[in-house]
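These notes concern the structure reproduced below.
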Amino acid sequence: REAEFPVLNSADGSPAIDISTLTRQTGHTALDYGYVNTASTKSAITYIDGEAGILRYRGYPIEQLAAGSTFLEVAYLLIYGELPTADELAAFDAEIRRHTLLHEDMRYYFEGVPHTAHPMAVLSGGLQMLSTYYESSLDTAVPEFVEVNTIRLLAKLPVLAAYAHKKSIGQAFLYPKNELGFVENFLRLNFGNKAEHYDMNPVLVEALDKLLILHADHEQNASTSTVRLVGSTGANMFSSISAGINALSGPLHGGANEAVLDMLAQIRDSGQSVQTFVEKVKRKEDGVKLMGFGHRVYKNYDPRARIVRESADRVLAELGVNDPLLALAQELEQIALEDDYFKERKLYPNVDFYTGVIYKAMGFPTRMFTVLFAIGRLPGWIAQWREAREDAQTKIGRPQQLYIGATERKL
Ligand code: MLT
24 REAEFPVLNS ADGSPAIDIS TLTRQTGHTA LDYGYVNTAS TKSAITYIDG EAGILRYRGY
84 PIEQLAAGST FLEVAYLLIY GELPTADELA AFDAEIRRHT LLHEDMRYYF EGVPHTAHPM
144 AVLSGGLQML STYYESSLDT AVPEFVEVNT IRLLAKLPVL AAYAHKKSIG QAFLYPKNEL
204 GFVENFLRLN FGNKAEHYDM NPVLVEALDK LLILHADHEQ NASTSTVRLV GSTGANMFSS
264 ISAGINALSG PLHGGANEAV LDMLAQIRDS GQSVQTFVEK VKRKEDGVKL MGFGHRVYKN
324 YDPRARIVRE SADRVLAELG VNDPLLALAQ ELEQIALEDD YFKERKLYPN VDFYTGVIYK
384 AMGFPTRMFT VLFAIGRLPG WIAQWREARE DAQTKIGRPQ QLYIGATERK L
């Protein structure tokens with residue numbers, strides 16, 4: 024180890040070279056101070072080229088999938104590696120519809136949690152709880168169990184999510200209606216009491232379907248790494264994905280669209296112009312930050328952001344919502360994209376910049392935003408869990424560390 028990484032043994036324990044140089048030199052190991060990620064991957068589920076602003080699922084560009092596929096097709100693609108034929112899709116869809124009901128005793132779980140509970144906590148706890156009804160089919164080494172649990176998760180997580188929403192606003196739960204498609208059912212479970220019948224509105228159904236596609240996978244981010252790591256211990260899919268949901272619940276992972284809405288509301292309430300706000304961001308005045316811009320892996324326009332921006336216009340027009348926050352977001356984006364400060368720093372809008380405005384217009388409370396993210400991310404988590412488990416070489420995960428601290432305690 025010392026011969027391999029001699030530069031790390033500097034007197035004060037700090038690396039003598041830039042860590043990214045080290046990564047390039049060794050080819051396979053990255054050390055991130057946040058203990059955030061390590062090692063190389065051959066995972067082919069998602070491919071990202073952050074410099075070029077490219078995102079592909081199983082080789083298909085995200086733009087193509089968002090334009091021509093449904094969320095269930097994309098889920099199938101991510102999980103099984105190929106887009107389904109019409110027959111495969113029909114069978115997959117039918118299986119999911121058949122499994123939407125939760126065990127009736129799950130009502131006691133929802134009765135037991137306080138209505139003030141965060142829907143993400145209710146979701147991850149509910150998923151763990153749900154697994155207790157399937158004790159006899161949790162063995163991860165049995166392929167048939169993996170298949171049925173894949174379907175159970177896709178069918179039941181949206182129902183849990185909708186009930187977490189209903190619980191938080193004190194409304195009655197609806198049973199899933201299995202003649203409805205995936206997104207229609209989800210909209211009805213959340214908004215079935217609305218006279219507008221969201222589940223029958225093709226604009227809203229299509230918009231939510233697209234948003235779910237855009238969130239379906241994103242390489243080795245925090246929650247996905249969590250799912251893989253927990254899965255590598257032999258933990259079942261319910262436990263692993265419940266852990267992923269907890270990772271996503273952290274504001275730095277799933278909280279960005281809420282932060283964008285807060286920022287836009289602050290601009291509106293302060294009465295300052297967007298230009299004034301942008302100048303403050305550049306001067307780093309009052310700790311002001313431009314939320315929803317920039318991304319750890321994208322040094323270019325996040326390809327998801329463009330698609331979300333178009334959806335925002337369509338959804339708000341369809342619902343007849345005139346949200347001044349959308350106009351502010353658009354103005355902010357335009358000003359920032361033309362400003363050298365942001366151009367030089369390669370700060371472009373990311374996927375979170377407009378999603379909050381859309382979810383708000385649909386009537387989802389802010390605390391449901393990460394839950395919606397989780398529903399979208401579910402096929403990716405399942406695919407990543409399965410890939411990690413299927414790889415015969417997979418050992419229990421253990422993020423590699425190169426110790427660079429002091430070797431003796433200082434007295
Ligand atoms: C995601 O979609 O998971 C987010 O952009 C976060 C990330 O990729 O790190």
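Counting with UniProt numbering, you get residues 24 to 434 for the letters of the sequence shown. We treat Cβ as the ideally placed atom computed from N, Cα and C, and that holds for glycine.
Top-ranked residue by Cα proximity to residue i, from the options
{"i": "Lys65", "options": "Asp110, Leu78, Ile192, Gln243", "result": "Gln243"}
{"i": "Arg329", "options": "Asn208, Lys233, His122", "result": "Lys233"}
{"i": "Ala117", "options": "Asp362, Leu349, Gly204, Ala245", "result": "Gly204"}
{"i": "Ser265", "options": "Arg120, Gly379, Leu183", "result": "Leu183"}
{"i": "Ile268", "options": "Val283, Leu197, Arg251", "result": "Arg251"}
{"i": "Val97", "options": "Gly428, Pro422, Glu410, Gly403", "result": "Gly403"}
{"i": "Ile85", "options": "Gly278, Leu180, Val331, Arg175", "result": "Val331"}
{"i": "Glu333", "options": "Arg306, Val380, Arg432, Phe365", "result": "Val380"}
{"i": "Asp362", "options": "Lys305, Gly91, Ala89", "result": "Lys305"}
{"i": "Ala258", "options": "Ala195, Glu127, Glu158", "result": "Glu158"}
{"i": "Tyr131", "options": "Tyr186, Ile174, Leu88", "result": "Tyr186"}
{"i": "Thr173", "options": "Thr299, Ile119, Ile68", "result": "Ile119"}
{"i": "Leu360", "options": "Ala340, Ile77, Tyr324, Arg390", "result": "Tyr324"}
{"i": "Lys307", "options": "Asp128, Tyr364, Leu355, His126", "result": "Tyr364"}
{"i": "Val374", "options": "Ile236, Phe387, Asp285, Ser293", "result": "Ile236"}
{"i": "Thr249", "options": "Met152, Thr69, Arg421, Ala67", "result": "Arg421"}
{"i": "Ala195", "options": "Gly428, Thr378, Gly386, Asn216", "result": "Asn216"}
{"i": "Lys383", "options": "Phe300, Val338, Ser272", "result": "Val338"}
{"i": "Leu342", "options": "Pro137, Ala164, Pro166, His220", "result": "His220"}
{"i": "Leu106", "options": "Glu127, Tyr83, His126", "result": "Tyr83"}
{"i": "Phe261", "options": "Ala282, Ser191, Leu112, Leu177", "result": "Leu177"}
{"i": "Ala282", "options": "Gly315, Ala230, Val344, Ala113", "result": "Gly315"}
{"i": "Phe376", "options": "Asp346, Glu202, Gly317", "result": "Gly317"}
{"i": "Gly73", "options": "Ile358, Leu101, Lys369", "result": "Lys369"}
Any non-hydrogen atom of the ligand MLT within 7 Å of residue i CB
{"i": "Arg332", "result": "no"}
Three-state secondary structure (DSSP) of residue i
{"i": "Phe392", "result": "helix"}
{"i": "Tyr198", "result": "coil"}
{"i": "residue 459", "result": "Coverage of the chain is limited to positions 24 through 434, which leaves residue 459 absent and any answer about it impossible."}
{"i": "Leu95", "result": "helix"}
{"i": "Ile419", "result": "coil"}
{"i": "Pro347", "result": "helix"}
{"i": "Ile174", "result": "helix"}
{"i": "Leu203", "result": "coil"}
{"i": "Arg79", "result": "strand"}
{"i": "Pro372", "result": "strand"}
{"i": "Phe316", "result": "strand"}
{"i": "Pro166", "result": "helix"}
{"i": "Pro181", "result": "helix"}
{"i": "Pro107", "result": "coil"}
{"i": "Leu142", "result": "It is worth fixing the name first, because residue 142 is Pro in this sequence and not Leu. Residue state, collapsed to three classes: helix."}
{"i": "Pro326", "result": "helix"}
Counted within 10 angstroms of its Cβ, other Cβ atoms place residue i as buried (16 or more) or exposed
{"i": "Thr430", "result": "exposed"}
{"i": "Ile419", "result": "exposed"}
{"i": "Tyr56", "result": "The predicted model places Tyr56 with a pLDDT of 44, which falls under 50 and marks its position as unreliable; any figure quoted below should be read in that light. Exposed, by the Cβ-count rule."}
{"i": "Asp110", "result": "exposed"}
{"i": "Thr123", "result": "buried"}
{"i": "Thr108", "result": "exposed"}
{"i": "His238", "result": "buried"}
{"i": "Glu188", "result": "Checking the sequence, you will find His at residue 188 rather than Glu. That one is buried."}
{"i": "Gly155", "result": "Correcting the residue type first, residue 155 is Thr in the shown sequence and not Gly. When all chains shown are included, Thr155 counts as exposed."}
{"i": "Gln298", "result": "exposed"}
{"i": "Ile290", "result": "buried"}
{"i": "Tyr426", "result": "exposed"}
{"i": "Met143", "result": "buried"}
{"i": "Gln407", "result": "buried"}
{"i": "Ala352", "result": "buried"}
{"i": "Pro199", "result": "buried"}
{"i": "Gly294", "result": "exposed"}
{"i": "Ser296", "result": "exposed"}
{"i": "Ser409", "result": "Reading off the sequence, residue 409 comes out as Arg, not Ser. Per the 10 Å Cβ criterion, buried."}
{"i": "Thr139", "result": "exposed"}
{"i": "Lys433", "result": "exposed"}
{"i": "Met152", "result": "buried"}
{"i": "His126", "result": "exposed"}
Below-8 Å beta-carbon distance, residue i vs any chain D residue
{"i": "Gln151", "result": "Chain labels in this structure do not include chain D; a single protein chain is all it has."}
How would the residue list near the ligand MLT read, in chain order, if you kept each one whose beta-carbon is closer than 5 Å to any heavy atom?
-> His241, Asn244
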